[in-house]
Amino acid sequence: MMALLVFREKLRSFYGKYDAFIIPLAKFGLGLAVFFILNINVGFMVKLKNPVIPVVLALACSFLPYGVISFLAGLVLLGHISSVSVEMALILAVLLVMVAILYYAFQPGDSYLLLLTPVFFYLRIPYAIPLLAGLSGGLTGAIPVSCGVFMYYIVQYVKQNVGVLTNDTTADIIQKYVQIVRNIVSNNQMLLMIAVCAAGILVVYLIRILSVDYAWHIAIVTGALVQLAVVFVGDFVFDISTPVIELLAGTMASVLIALVYNFFVFAVDYSRTEYLQFQDDDYCYYVKAVPKITVSAPDVKVQKINSSKNRRNREFPER
13 MMALLVFREK LRSFYGKYDA FIIPLAKFGL GLAVFFILNI NVGFMVKLKN
63 PVIPVVLALA CSFLPYGVIS FLAGLVLLGH ISSVSVEMAL ILAVLLVMVA
113 ILYYAFQPGD SYLLLLTPVF FYLRIPYAIP LLAGLSGGLT GAIPVSCGVF
163 MYYIVQYVKQ NVGVLTNDTT ADIIQKYVQI VRNIVSNNQM LLMIAVCAAG
213 ILVVYLIRIL SVDYAWHIAI VTGALVQLAV VFVGDFVFDI STPVIELLAG
263 TMASVLIALV YNFFVFAVDY SRTEYLQFQD DDYCYYVKAV PKITVSAPDV
313 KVQKINSSKN RRNREFPER
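Whatever position you read off the sequence shown (first residue = 1), add 12 for this note's numbering.
Now the structure itself:
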């Protein structure tokens, strides 16, 4: 345990010294992952599918806010879809504008959650993002996460229905519009996952802010169980089949990720909890103070000691 704490302090010190380089590198990695995921799943435009394009866009994202990165990802998605179906591109453009208005009107921050959510879905650990959002933010984190879920299922719909979207017969235009709108709006799997993420964020946040010992650990476990319960209820109500093994494996991996995040961000020592009481002219204050676990990285100095032979040579030099 002590070795892990020392390692954590070294990481914090390293981040404090080089955050000016680490943050752009993290944005580069996130942008690269997003653009490559788009190219793999909806890579219909040959020019955008060139491997150089995602790298160049990711390099540009290194120095841009997360909101602008989301905007670029939307443009890339529209570019790919427009090469397959102009109708779908127009509908998606309208939907993206509506999502942007909803998102930036109520929660202009936390754009990284909007980008991370589809990435976590493709990594088969979607239940981790509500846990992390509930631990790191507030209830409004449900908005960018829900928008990210929506974008993921938009990409999935285009990927699974490319044959219908590429049908350019005039008689099918109206049917195409109706089918696109119906599948996007009434996707039960998407609605269920939005409910799962919202419930997970709500439970984790409400428990995390409680003044009880091990609140973060309780929030993580309870949030994971609530997400499982919502999935099972949703499967029964909407008649959806969710692979149980994949569900349990994804949940366990999500809990592990959340616990690692808790260790690096909020490791406290409840055995040294103190209760303080003081007052001023207007209020009496009752404070529960829980110290964080901090250790100092060992400062090891190695001093070179000459061999006895060299020491004797110095004491009795040859004549």
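Backbone N, C-alpha and C define an ideal beta-carbon position, used for all residues, glycine too.
Contacting residues, own chain, Cβ-Cβ under 8 Å from LEU214 (five flanking each side not counted): GLY146, LEU151, ALA154
Simplified DSSP state of ALA301, which is helix, strand or coil: In this structure, ALA301 counts as strand in the three-state DSSP scheme.
DSSP state of LEU135 mapped onto helix, strand, coil: coil
Which of helix, strand or coil DSSP assigns to ASN199: coil
Beta-carbon gap between ALA231 and ARG220 smaller than 8 Å: yes
Span separating the alpha-carbon of GLY91 from that of ILE52: Their backbone Cα atoms lie some 14 Å apart in a straight line.
Local conformation of LEU23 per DSSP, three classes: Of the three classes helix, strand and coil, the one that applies to LEU23 here is helix, per DSSP.
Assigned exposure category for ASP293 - 16 Cβ within 10 Å defines buried: exposed
C-alpha gap between PHE40 and GLY55, whole angstroms: 20 Å
Whole-angstrom distance between PHE133 and ALA207, CA atom to CA atom: 15 Å
Assigned secondary structure, TYR124 (DSSP; H/G/I helix, E/B strand, else coil): helix
Exposed unless 16 or more other CB atoms sit within 10 angstroms - verdict on MET14: By the neighbour-count criterion, in which a residue is buried when 16 or more other Cβ atoms sit within 10 angstroms of its Cβ, MET14 is exposed.
Residue burial classification, THR285 (beta-carbon count within 10 angstroms, cutoff 16): With fewer than 16 other beta carbons inside 10 angstroms of its own, THR285 counts as exposed.
Runs of beta strand (DSSP E) lying entirely within the segment 216-280, each at least 3 residues, in chain order: none
Cα-Cα separation, TYR139 to GLN291: 43 Å
Contact check, VAL243 vs THR254, beta carbons under 8 Å: Yes, they are a contact pair.
Where ASN9 falls, given that 16 or more other Cβ within 10 Å makes a residue buried: Since the first residue of the chain shown is 13 and the last is 331, residue 9 is not available in this structure.
Proximal residues to ASP225 (C-beta, below 7 Å), its chain only, five neighbours per side dropped: TYR282
TYR282 - containing beta strand (DSSP E), residue span: Careful: TYR282 lies outside any beta strand (DSSP E) and carries neither H nor E.
Per-residue burial, MET100 [other beta carbons within 10 Å of its own, 16 or more giving buried]: Taking all protein chains in view, the Cβ of MET100 is crowded by 16 or more other Cβ atoms within 10 Å, so the residue is classified as buried.
Environment of CYS296 [buried if 16+ CB atoms lie within 10 Å]: exposed
Straight-line Cα distance separating ALA279 from GLY28: In this structure, the CA atom of GLY28 is about 18 Å from the CA atom of ALA279.
Exposure of THR306, with buried meaning 16 or more beta-carbon neighbours within 10 Å: By the 16-neighbour rule on beta-carbons within 10 angstroms, THR306 is exposed.
Where PHE47 falls: helix, strand or coil (DSSP): Helix.
Neighbourhood of ASP31 by C-beta distance below 7 Å, restricted to the same chain and skipping five residues each side: none
Burial state of GLN239, where buried means 16 or more other Cβ atoms lie within 10 Å: By the neighbour-count rule (16 or more Cβ atoms within 10 Å), GLN239 is buried.
Assigned secondary structure, PHE83 (DSSP; H/G/I helix, E/B strand, else coil): helix
VAL334 and ILE113 closer than 8 Å at C-beta: Here the chain has residues from 13 to 331 only, and residue 334 is not among them.
Alpha helix (DSSP H) segment containing MET163, residue limits: It spans 154-172 - the alpha helix (DSSP H) in which MET163 sits, taken as one unbroken run.
Beta-carbon contacts of ILE252 that lie in its chain and below 8 Å, excluding the five residues immediately before and after: Excluding five sequence positions before and after ILE252, the CB atoms of its chain that fall closer than 8 Å to its own CB belong to ASN200, GLN201, LEU204, GLY246, given in chain order.
PHE290 - partner residues in DSSP beta bridges: Partner(s): TYR297.
Within 8 Å, strictly: CB atoms of PRO123 and GLY79: Going by the sequence as given, residue 123 is Ser instead of Pro. Yes, these two residues count as a Cβ contact at 8 Å.
Same chain only: Cβ atoms within 7 Å of GLU258, ignoring 5 sequence neighbours per side: ARG136
Where the alpha helix (DSSP H) containing PRO142 begins and where it ends: 140-148
Sub-8 Å separation of ILE141 and CYS209 beta-carbons: yes
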